[in-house]
Amino acid sequence: MDKNKGVGILLLRLVLGWGFLYAGLAKVIDFEGSGEPFSAFGFLKFATGGTAPGMGEGQIVNPAHDFWVGLTANPALIDVINFLVVFGELAIGAALILGLATRFAAIMGALMMALFWLAAWDFQHGIVNNQLLYGVTALFLGYVNAGHYYGVDAIVEKAAETTRAPVLRLLSGHLH
Numbered sequence: 506m507d508k509n510k511g512v513g514i515l516l517l518r519l520v521l522g523w524g525f526l527y528a529g530l531a532k533v534i535d536f537e538g539s540g541e542p543f544s545a546f547g548f549l550k551f552a553t554g555g556t557a558p559g560m561g562e563g564q565i566v567n568p569a570h571d572f573w574v575g576l577t578a579n580p581a582l583i584d585v586i587n588f589l590v591v592f593g594e595l596a597i598g599a600a601l602i603l604g605l606a607t608r609f610a611a612i613m614g615a616l617m618m619a620l621f622w623l624a625a626w627d628f629q630h631g632i633v634n635n636q637l638l639y640g641v642t643a644l645f646l647g648y649v650n651a652g653h654y655y656g657v658d659a660i661v662e663k664a665a666e667t668t669r670a671p672v673l674r675l676l677s678g679h680l681h
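Quick note on the working numbering: the sequence shown kicks off at 506 and runs consecutively.
Shown next, in the form of structure tokens:
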């Protein structure tokens with residue numbers, strides 16, 4: 506790949522990584538100053554009805570709405586979800602920015618966005634929304650092995666230990 510394409514992939518990786526990292530930091534640091542710790546409870550309980558063109562007020566269009574609301578009945582599970590969301594956003598963001606274990610981070614980012622997309626079920630303005638764009642972008646970055654363009658994966662791949670350890674080869678983006 507020529508240098509310009511590599512720089513373009515780097516920029517896309519950095520922007521998506523920052524999006525994930527900032528989302529996680531905002532939940533930890535509380536930039537808005539609400540004084541309330543992050544909880545997925547409110548979203549799962551009240552924002553998973555979905556939207557669709559022409560739907561009536563209070564109409565539920567998300568076929569999985571009862572599943573998402575059901576998760577809120579278990580406080581211990583909400584604690585696990587809260588941890589996974591914050592940790593996932595921070596780890597995915599940091600990994601994408603560094604270009605470290607990029608394929609794995611990209612797949613986890615796409616999975617997280619797919620779950621958010623399914624939970625929100627927001628089709629008021631069509632099928633394409635932020636979660637879908639983030640998810641598809643993450644898949645693209647994983648597909649092109651974006652960590653090999655100015656990322657730690659490129660350095661890790663060249664290390665002698667990586668060539669002897671299949672797990673390290675896999676994490677650095679080699680599938681064979």
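The beta carbon of each residue, even a glycine, is placed where N, CA and C say it ideally should be.
Predicted model, so just to flag it, every value in this text is computed and none were measured.
Please report how far the alpha carbon of residue 652 lies from the alpha carbon of residue 519, in whole angstroms. Reading the sequence shown from its first residue, position 147 is the one you call residue 652. Reading the sequence shown from its first residue, position 14 is the one you call residue 519. Answer to the nearest angstrom: the Cα atoms are 10 Å apart.
On a CA-only basis, which of 649, 556, 664 and 549 is nearest residue 512? Give me that one, please. Residue mapping note: residue 512 aligns to position 7 of the sequence shown, counting from 1. Taking only the C-alpha atoms, the option nearest residue 512 is 649.
For residue 663 and residue 657, what's the separation of their Cα atoms in angstroms? Taking the sequence shown and counting its residues from 1, the one referred to as residue 663 is at position 158. Taking the sequence shown and counting its residues from 1, the one referred to as residue 657 is at position 152. Cα to Cα, the separation comes out at about 10 Å.
Hey, could you find the ends of the alpha helix (DSSP H) residue 605 is sitting in? Against the sequence shown, residue 605 aligns to sequence position 100. Note, residue 605: premise wrong, no alpha helix (DSSP H); not H, not E.
Can you tell me which of 523, 527 and 626 puts its alpha carbon nearest to the alpha carbon of residue 548? Position 43 of the sequence shown holds residue 548. Checked all of 523, 527 and 626; the closest Cα to residue 548 is 626.
Which residues bound the alpha helix (DSSP H) around residue 645? Here the question's residue 645 lines up with position 140 in the sequence shown. 635-648 is the span of the alpha helix (DSSP H), which, as asked, contains residue 645.
Beta carbon of residue 613, beta carbon of residue 640: below 7 Å? Locating residue 613 in the sequence shown gives position 108, counting from the first residue. Locating residue 640 in the sequence shown gives position 135, counting from the first residue. For residue 613 and residue 640, no; Cβs fall outside 7 Å.
Is the number of C-beta pairs between the segment 548-567 and the segment 518-535 that are closer than 8 Å three or more? Two segments are said to touch when three or more pairs of C-beta atoms, one from each, lie closer than 8 Å; by this definition the segment 548-567 does not touch the segment 518-535.
Less than 7 Å between the C-beta atoms of residue 598 and residue 522, yes or no? On the sequence shown, position 93 is the one that residue 598 refers to. On the sequence shown, position 17 is the one that residue 522 refers to. Contact flag set, yes.
Which residues mark the beginning and the end of the alpha helix (DSSP H) in which residue 527 is found? Translated into positions along the sequence shown, residue 527 becomes position 22. Run containing residue 527: 508-534, per the alpha helix (DSSP H) assignment.
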